[in-house]
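Take a look at the structure below.
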Amino acid sequence: DTGVSQDPRHKITKRGQNVTFRCDPISEHNRLYWYRQTLGQGPEFLTYFQNEAQLEKSRLLSDRFSAERPKGSFSTLEIQRTEQGDSAMYLCASSRDFQPQHFGDGTRLSIL
Amino acid sequence: AQTVTQSQPEMSVQEAETVTLSCTYDTSESDYYLFWYKQPPSRQMILVIRQEAYKQQNATENRFSVNFQKAAKSFSLKISDSQLGDAAMYFCAYSPKEGAQKLVFGQGTRLTINP
Numbered sequence: 028d029t030g031v032s033q034d035p036r037h038k039i040t041k042r043g044q045n046v047t048f049r050c051d052p053i054s055e056h057n058r059l060y061w062y063r064q065t066l067g068q069g070p071e072f073l074t075y076f077q078n079e080a081q082l083e084k085s086r087l088l089s090d091r092f093s094a095e096r097p098k099g100s101f102s103t104l105e106i107q108r109t110e111q112g113d114s115a116m117y118l119c120a121s122s123r124d125f126q127p128q129h130f131g132d133g134t135r136l137s138i139l
Numbered sequence: 031a032q033t034v035t036q037s038q039p040e041m042s043v044q045e046a047e048t049v050t051l052s053c054t055y056d057t058s059e060s061d062y063y064l065f066w067y068k069q070p071p072s073r074q075m076i077l078v079i080r081q082e083a084y085k086q087q088n089a090t091e092n093r094f095s096v097n098f099q100k101a102a103k104s105f106s107l108k109i110s111d112s113q114l115g116d117a118a119m120y121f122c123a124y125s126p127k128e129g130a131q132k133l134v135f136g137q138g139t140r141l142t143i144n145p
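Residue numbers (our numbering), protein chains in the order written: chain U, 28 to 139; chain X, 31 to 145.
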């Protein structure tokens, strides 16, 4: 069990650029989640995958956001045309059915 | 929609003392999970304790225990013999047992341990 891995740890980009984050879940975890956490707040749910299927998306996930989990292993979260309000910590978590979620270290996104 | 409320933005306790963090939640479901997660300055969220709603017995994990009051929709965390390493943000969270089991978090309580 090597834990949930996220890359990069920190991303700085200019407004309007596209960014992509990667999450490698714990092996054999069939569930994968993305959350967004702004400073001083609790994480908010963005989207959920069961294996390779994206089964739920939050209304927070505008059409500029897209997530994939090809082959049910790693996942990517892409943000197109970044805006100031996208600055946040993006957390990935994984779990097996009915087991607690394990979180990665997160990717901190800073928009200049 | 489910909501989770933590009314204590900050708490402090002397090392070796006991502290209780409060959490209330709202749901129409009868069976669900409740969690306390700890987020140290390194920012990785770590599970502290989990409670299943249908279990009346309060969960315990070493120095950590909960007081689960289902009718009152209250879920507090007690930390006994506080240690410097307990300093962190603590988040209370709810998840349904069905479907995505996505977590709904409270706003967090920052716990400071005074030596």
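The beta-carbon is built from N, C-alpha and C at its ideal position, and this holds for glycine as well. Computed from a predicted structure; not experimentally measured.
In summary, the residues of the region 93-118 of chain U whose CB is separated from some CB of chain X by less than 8 angstroms are MET116 and LEU118, in the order they occur in the chain.
In the structure shown, the three-state DSSP call for LYS68/X is strand. With a 10 Å radius around the Cβ and a threshold of 16 neighbouring Cβ atoms, PRO145/X comes out exposed. Proximity of the region 97-106 of chain U to the region 47-55 of chain U meets the contact definition, three or more beta-carbon pairs being nearer than 8 angstroms.
In the three-state reduction of the DSSP assignment, ASP116/X falls in the helix class, which pools H, G and I. For MET41/X, the nearest beta carbon of chain U is not closer than 8 angstroms to its own beta carbon. Counting only the Cα atoms, ALA115/U lies some 7 angstroms from LEU66/U. Taking C-beta atoms under 8 angstroms as the contact rule, GLN81/X and TYR63/X qualify, at a distance of about 7 angstroms. When only Cα atoms are considered, ARG42/U and LEU139/U end up about 6 angstroms apart. Distances from the CA of ALA120/U to each of GLN44/U, HIS37/U and ARG63/U were compared; the closest alpha carbon is that of ARG63/U.
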